[in-house]
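Chains as they are written, first to last, in the working numbering: chain A, 11 to 175; chain B, 612 to 1209.
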């Protein structure tokens, strides 16, 4: 079976871990993130009749106290930039993280995942802003860790992007 | 050879020389040269040409190849490693071309290889079984059984864990760049978590350590320890091997890991360079990883266990010996008791063993067997057995017989026996007086209900008969015409006198009245009257001797019968001599009968 390493990056408390929790196979607790700075999960997706094993590196969210450990990105085939739709600053953080990641591992496929779509009333990201992002050639997917909206789609989408390369 | 030197040679070579225009000076020089070096110049030209056109020919390689192969193989195993893929391709090609050729070639190997494999598997199974068996009875086994119950693991698993020095339980082959798992192998009876995730986490931890402690990026984490588990990590340029080890592994194991990493890089170099997440091609490196699954178990425990076995065996032998002798002793005692119980005159009421001594209590007839002598007869020392007896009278036939002997004191010629019904049988012969006394006393003996002496001969009666016959058979002979005994007849007379005294004594004891006729005889010659007188005279002669010898004269009756009672002449050798005689006749009268008649 083909295996690929995927990293999940984003600002602190964007819901990265919650987003995938129900949909992946995991043997490690969330404490790993606060200690080692990463939690590893596995998701198997089917692409064109072939199974692809995605090894998800759920990286500790960057904040004022802890920076992203770039070494964890090494060898990634793709990454997910996770944003909290209710906190605009997480989008700005995502932009800066994207630059850092690309600088570290080069131009690999990625998705911008805007989480908490179940709280659209509280959203701080405007549609126009999202359109601009899409215009940059980025793929944007809205998700909800609470309802499960778009979660499977992100795995399928990123897997297809990897296989296209 | 450097360029300068090559150019110099080329310049000086004869070929180069010929290409120039030959001047006169040069011609002279050439002539001088041919004179000086002659044939060598031609050879030198050949050497130079060979250097110029340096190329190794297949013929030259074929000469050096076998030796070169051997030399390289002695140095290291890289040649073999390099040939693996070529050989594999060659085999694949051969199979595709004609499968029969290779099948026939390896056919002789299949049988032994299968047997060896089965044998190895059996050995492993037997070893495992033996190990479980060896520890199943050890004192620690009870502790381990509790542990197995507490932890939910099998007993065999606990044995394995507690007896091993070290064991490599899992080997991860991890792609260094991505942390993806290339291969994973697990030792038997080891449960493993999802190896893909563990592999990634190990890589993350490595990165974490490198980031956190400012170490050089080329330096990797070499080991992690957690309780009895150690993770050894051996890095190569593209992959790393992580071995999960239980126990304390020797440092030599590092070189095994290192060797595996090197071989994997050598074999899968191109795969690693072009790795795209496909791990299947890395199946081919599994043998290198399997070589890392080493283990070593405590042998010391086995020897301790041998000691325990020896001790148990020793105790067993001692217990067996003790049991053997105890049983033997018990059997001896039982046999003794059985004999004792069958002994007449002894009644066993209680027998037991206390503090190494035997106790017997019961009843004993005073005429019963002496207990001390009985103990000795049966190889028991009197001090071994304490006895306590109460006297009693036994009515067992043997004891009654014994008692009868003691009380009746029979003569040696008589014997007594009592049967089950208490009937005393007297046999043999005994004097009249003893028989009479016995008849009086026998009723007083305990246990005798009846008396039977029909087979007991009266000794005195026999004697009486004996002497009667003896006296009556004895004849005294006289000389012709006189009352003088023939020479030598006086001895017979004396003997007859003694016989008469004896029979008189016996008859008196038997209460018999004895009379003896002394009868005088003559032969037929001579006149009857004279013969009558002569016969009377001969009888009286004998009578006189008897009375003079102290015998009561009243028992005799002296008569002369002349020639009226002639002895049968045919039985005599000398008729005349034989009839000149005195004969005796005994007459007995039972006084008791006479009294009772009267």
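Note that the Cβ used here is the ideal one computed from N, Cα and C, for glycine as well.
Subject >> Residue range of the unbroken beta strand (DSSP E) whose run includes residue 870 (chain B) >> reply: Not the beta strand (DSSP E): residue 870 (chain B) falls in the alpha helix (DSSP H), residues 863-878.
Original post:
Taking residue 1080 (chain B) as the reference, which of B:1114, B:902, B:1163 has the closest Cα?
Top reply: B:1114
**OP:** Indicate the three-state DSSP secondary structure (helix, strand or coil) for residue 843 (chain B) in the structure shown.
**Re:** Collapsing the DSSP output to three states places residue 843 (chain B) in a strand.
Original post:
For the region 690-735 of chain B, which segments carrying the alpha helix (DSSP H) assignment without a break, of at least 4 residues, lie completely within its bounds, in sequence order?
Top reply: none
Original post:
Can you tell me whether DSSP reads residue 153 (chain A) as helix, strand or coil?
Top reply: coil
**OP:** Check whether the Cβ atoms of residue 1176 (chain B) and residue 1130 (chain B) sit closer than 9 Å, and answer yes or no.
**Re:** yes
Subject >> chain B residues whose Cβ lies nearer than 9 Å to that of residue 166 (chain A) >> reply: By Cβ distance, chain B contributes nothing, its closest Cβ being about 17 Å from residue 166 (chain A), past 9 Å.
**OP:** Assign residue 621 (chain B) to one of three DSSP states: helix, strand, or coil.
**Re:** At residue 621 (chain B) the pLDDT is 43, less than 50, meaning the model places this residue with poor confidence; the figure from the coordinates comes in the next sentence. Helix at residue 621 (chain B).
Original post:
Can the beta-carbon of residue 137 (chain A) be found less than 9 Å from the beta-carbon of residue 93 (chain A)?
Top reply: no
**OP:** For the region 37-93 of chain A, list the alpha helix (DSSP H) runs that are entirely contained and at least 4 residues long, ordered along the chain.
**Re:** 41-45
**OP:** Measure the Cβ-Cβ separation of residue 933 (chain B) and residue 964 (chain B) and say whether it is below 9 Å.
**Re:** No, they are not a contact pair.
**OP:** Identify every residue that forms a DSSP beta bridge with residue 962 (chain B).
**Re:** According to DSSP, which records beta bridges pairwise, residue 962 (chain B) is partnered with B:971.
**OP:** Keeping to the same chain, check which residues put their C-beta closer than 7 Å to that of residue 15 (chain A); ignore five residues upstream and five downstream.
**Re:** 65, 67, 85, 86, 87
**OP:** Using a Cβ-Cβ cut-off of 9 Å, state whether residue 12 (chain A) counts as contacting chain B.
**Re:** yes
Subject >> DSSP-derived helix/strand/coil call for residue 129 (chain A) >> reply: helix
Original post:
Can a CB atom of chain A be found closer than 9 Å to the CB of residue 872 (chain B)?
Top reply: no
Original post:
Do you know offhand how far residue 894 (chain B)'s Cα is from residue 122 (chain A)'s?
Top reply: 37 Å
Original post:
Which of the residues in the region 109-120 of chain A, read from start to end, lie with their CB under 8 Å from any CB of chain B?
Top reply: Nothing from the region 109-120 of chain A brings a Cβ to less than 8 Å from some Cβ of chain B.
**OP:** Could you check the C-alpha separation between residue 970 (chain B) and residue 959 (chain B) for me, to the nearest Å?
**Re:** 11 Å
Original post:
Mind listing which residues of the region 65-80 of chain A have their C-beta closer than 8 Å to chain B's C-betas, in chain order?
Top reply: If the cut-off is 8 Å between Cβ atoms, the region 65-80 of chain A has 65, 67, 79 near chain B.
Original post:
If we ignore side chains and look at the alpha-carbon of each, how far apart do residue 769 (chain B) and residue 751 (chain B) end up?
Top reply: Residue 769 (chain B) and residue 751 (chain B): Cα-Cα distance of roughly 11 Å.
Original post:
Where does residue 1078 (chain B) sit, in a helix, a strand or coil, going by DSSP?
Top reply: Helix at residue 1078 (chain B).
**OP:** With 9 Å as the threshold, decide whether the Cβ of residue 791 (chain B) is near any Cβ in chain A.
**Re:** yes
Original post:
So, do the region 814-828 of chain B and the region 874-886 of chain B have three or more beta carbon pairs nearer to each other than 8 Å?
Top reply: Between the region 814-828 of chain B and the region 874-886 of chain B there are fewer than three C-beta pairs closer than 8 Å, too few to call the two in contact.
Original post:
Which residue or residues does DSSP assign as beta-bridge partners of residue 1000 (chain B)?
Top reply: B:973
Original post:
What are the start and end residues of the beta strand (DSSP E) that includes residue 22 (chain A)?
Top reply: Counting along the chain, residue 22 (chain A) falls outside any beta strand (DSSP E), and DSSP gives it neither H nor E.
Original post:
Who pairs with residue 1069 (chain B) in a beta bridge, going by DSSP?
Top reply: B:1041
**OP:** Would you identify the three-state DSSP class for residue 1026 (chain B), choosing helix, strand or coil?
**Re:** Residue 1026 (chain B): strand per DSSP, three-state reduction.
**OP:** Compute the Euclidean distance between the alpha carbons of residue 968 (chain B) and residue 928 (chain B), then round it to the nearest angstrom.
**Re:** 25 Å
**OP:** Mind checking who residue 837 (chain B) pairs with in its DSSP beta bridge?
**Re:** B:840
Original post:
Could you give the C-beta distance for residue 1083 (chain B) and residue 1196 (chain B), rounded to a whole number, given that I count them as a contact under 8 Å?
Top reply: 6 Å
Subject >> Closest Cα partner of residue 1071 (chain B) within the set B:850, B:1039, B:1090 >> reply: B:1039
Original post:
With respect to the alpha helix (DSSP H) encompassing residue 635 (chain B), which residues constitute its N-terminal and C-terminal limits?
Top reply: Unbroken alpha helix (DSSP H) run through residue 635 (chain B): 635-648.
Subject >> Contact set for residue 797 (chain B): own chain, Cβ-Cβ below 6 Å, skip 5 residues either direction >> reply: 781, 803
Original post:
So what's residue 615 (chain B) in DSSP terms, helix, strand or just coil?
Top reply: With a pLDDT of only 39 at residue 615 (chain B), under 50, the local geometry of the prediction cannot be trusted, and no value is derived from it.
Original post:
Since residue 1110 (chain B) is in the alpha helix (DSSP H), which residue starts that stretch and which ends it?
Top reply: 1100-1120
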